[in-house]
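>
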Amino acid sequence: MEALRSDGPTYSKLVDISKCIGCKGCEVACKEWNDLGVEPTANFGSIQSHQDLSPKTWLLMRFNEVEIDGNLNWLIKKDACLHCEEPGCLYACPAPGAIVQYTNGIVDFN
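Going left to right, the sequence shown walks through residues -13 to 96 as the numbering used here numbers them.
#1: Given a threshold of 16 other Cβ atoms within 10 Å of its Cβ, counted over all protein chains shown, does A81 qualify as buried or as exposed?
#2: Along the chain, where does the beta strand (DSSP E) that runs through V93 open and close?
#3: Return the chain-ordered list of same chain residues with a C-beta closer than 7 Å to the C-beta of L58, the five sequence neighbours on each side being excluded.
#4: Can you pull the DSSP bridge partners for S40?
#5: Can you check which of these residues, A78, V14, L61, P26, is closest to C6 by C-alpha distance?
Set out below in C-alpha cells:
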C-alpha cells in the first residue's frame, strides 16, 4: 500500500522526558487540541489516567513503578499515536475503515 503523505509541511513532536514531572498536562492539551472529549476513568492501581490508548485518548503518560536500591521510583513513558508514514495499525486492523490515514499524514480512528 502506498503512503498517503502530501507534499505539505511535516511536523514532529518531541518530549524531553528527562524534564517531565508527570503532571499529565500534555494528555489534557492533546484532548483539548483535538476535541477528543472525556472518557470514564477507573482506579486500576496506578496514577496513570487510563490503561491504554483509545479513540478518545491519543496520548498517554505511562507510569511504571520500580524498586531501585530499596526505593520506589516511577519510570514515566510517553505513549502516543506516531502518525506513521506507513502505519502498521492501519494495515493490521481487521475492520475496514476503522483506522484511516488522511492526505496530511494524520492517522485517525474513524
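Backbone N, C-alpha and C fix where the C-beta goes; we use that ideal spot for every residue, glycine too.
The answer reads as follows:
#1: exposed
#2: Unbroken beta strand (DSSP E) run through V93: 93 to 95.
#3: E51
#4: T43
#5: L61
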